[in-house]
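Those sequence lines, one after another, are chains A and B.
Note that the working numbering gives residue 141 to position 33 of the first sequence, counting from 1, and the numbers run on in steps of one.
Note that the working numbering gives residue 157 to position 26 of the second sequence, counting from 1, and the numbers run on in steps of one.
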Amino acid sequence: MSLFTVLLWILVVPVTIVLGLAASWIVRKVSALVQWRVGPPLFQPAYDVIKLMGKEILIPEEANKSVFMMAPLIGFVGVLLLSLILWNALAVQRPFVGDVIVAIYLMVLPSLALILGGSSSASPHASIGTAREMKLVMGYELPLVLAFIVVLIKTGGQLSLAGISQQVPVLSISGMLAFIVALLCVQAKLGFVPFDIAEAETELGSGVLMEYSGALLALWKVMQAVMLVALPFFLMILFLGGYGTNHLTGVGAISAIILLIVFVVGRFMSGRSKFLDVMALLSFIGICILAGLGKYVLILVLLILIKNTNPRLKIDQAMKFFWGFCTVTLVVSIILASLGNYYNVSWL
Amino acid sequence: MSWKMWSLKKSIWVFHVNTGACNNCDIEIVNCLTPKYDIERFGIKLVGSPRHADALLVTGVVTLQALPRLLEVYRQTAKPCVVFPIGACACDTGIFYNGYHVAGPVDKIIREEDPNAIIAYVPGCPPKPEAMISGVMKALSAI
Ligand code: SF4
């Protein structure tokens, strides 16, 4: 490995963190626009993290100190490793067979770290949050793995992210169904609103993170920000054909049209605002040019819209949703995909 | 000015403590989050745990019942933090002056716990959201 590539890989970590902070700004800004507010300035997530770094770290007396302090580090390292693997597949395209399985394992690490941190902090609110997080993890892991199996069938048993990203499973019925379910699973992984059961600001006072303060809380916040980059990228590689200009006319155009429809409908429903028109135009042009990044923005905007148009579910409703509706949908789409493979019908 | 204070001003997370308010001040605080005033523009955010908070918005006169709780919440807040007594009651016991159930104005109580506490007042009964925003902004620019 030359010196240049080594330097490049060192740079990847800060770039990912900066991208993550930018993504969390997009989340807050778009949520604000949906709620007809102005929203925070561009550097707000960075200010938040810098401020938290300067605050006092309080550790509850009865907490298990070492686990309490290790948990955010574990989650942070896990999500950084995940993003490194994704960058490897996206940018370098160096084949590394089996990295998709490593990625699926690493995706569980942040939730595990949250469970560790919450249960070691000796707070009733945090332990309720932990219990809910555990159930939620069990709920969404099954559909996520099933969705992955659909992708495996559609791509002919590819086990490397670089190989999977050469194909676009979402352009078939089974792939579309799997993509929708995987999107909802990612929503739950990010702890976004219909599934923010473990954090539940209003009833649990931020649940699992309740006892964290100062630099440790900053680590959690950065971890969540990096997840905002890594998880949509993962979906993008799995379903939308990864970062590649060869699909510019296909998925890029479709995502552009969907975004445009969303903004135009939003504009007619609410009357005012040139801002939405400008956004629609900008996103349309931008997406057509950058099909790769456009797919990422499409996934992010879909996540934000789901976040802003749904109330929080109860934990039993979430479990029923994932194990009932999602699993059944995926079993159907697995059957469809295998039928399609058997009879060589690519749109099934 | 240290970087800690600089970044604190840029992003204030507030925790809302009701020590016996008539609920009017509380409603006006929640009003600040609505699209009309939208304090997220200034990086102000309402959080659910005092450990995450940079500012305590204390509303209402401190009753004897609420006194130990207020002190506990103050101790649990990560320093540096700012205390904002919101409304006439919290600033100077207001219409409950000399009441039998009153422990005293918020600033006196907090100062007994921590003499170096940063305290800024927003008077009014209840203060308008505009008054709260300008009070918070003036206090922050004075730190
Ligand atoms: S200041 Fe006025 S509005 Fe606020 S709590 Fe006291 S009496 Fe109620």
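Yeah, the Cβ is synthetic: ideal placement off N, Cα and C, and Gly gets one too.
- Collapsing the DSSP output to three states places I366/A in a helix.
- Within its own chain, the residues whose Cβ lies closer than 7 Å to the Cβ of L195/B, once the five positions on either side in sequence are excluded, are H232, A234, listed in chain order.
- Contact annotation: W455/A and S280/A have beta-carbon atoms nearer than 7 Å.
- Taking one beta carbon from each stretch, the stretch 421-428 of chain A and the stretch 120-134 of chain A have fewer than 3 pairs nearer than 8 Å; the two do not touch.
- In the structure shown, K176/B adopts extended strand secondary structure according to DSSP, grouped into three states.
- If you draw a straight line from the Cα of A197/A to the Cα of A338/A, it comes to about 12 Å.
- In this structure, the straight-line span from the alpha carbon of D245/B to that of P168/A is close to 20 Å.
- Here S227/A is not near A171/A, since their CB atoms are 7 Å or more apart.
- The shortest C-alpha to C-alpha distance from A209/B to any of L324/A, G299/A, P122/A is the one to L324/A.
- The alpha-carbon separation between F256/A and P166/B amounts to approximately 41 Å.
- I414/A and P302/A do touch by the CB rule: their CB atoms are close to 7 Å apart, below 8 Å.
- Look at G235/B here: in three-state DSSP terms it is strand.
- Between the alpha carbons of V161/B and E249/A lies a distance of about 37 Å.
- In the DSSP assignment, the residues bridged to F215/B are L188/B.
- With respect to chain B, the C-beta atom of S314/A has a partner C-beta closer than 7 Å.
- Straight-line measurement puts the Cα of Y205/B at about 12 Å from the Cα of E243/B.
- Between P257/B and C222/B, the C-beta gap is not smaller than 7 Å, which leaves the two residues out of contact.
- Around the beta carbon of A273/B, a 10 Å sphere encloses fewer than 16 other beta carbons of the protein chains shown; the residue is thus reported as exposed.
- Here W328/A is buried: its Cβ has 16 or more other Cβ atoms, across all protein chains shown, within 10 Å.
- Interface with chain A (7 Å Cβ-Cβ cutoff): E261/B is excluded.
- In this structure, DSSP gives V453/A a state outside helix and strand, which the three-state scheme calls coil.
- Between the beta-carbon of I165/A and that of G322/A there is about 4 Å, and that keeps the pair under the 8 Å contact cut.
- For Y320/A, the neighbours in chain B by C-beta distance under 7 Å run, in chain order, R182.
- Taking 7 Å as the cut-off, the beta carbon of E203/B is found no closer than this to the beta carbon of P148/A.
- For the 7 Å CB-CB criterion, G237/A and A179/A do not form a contact.
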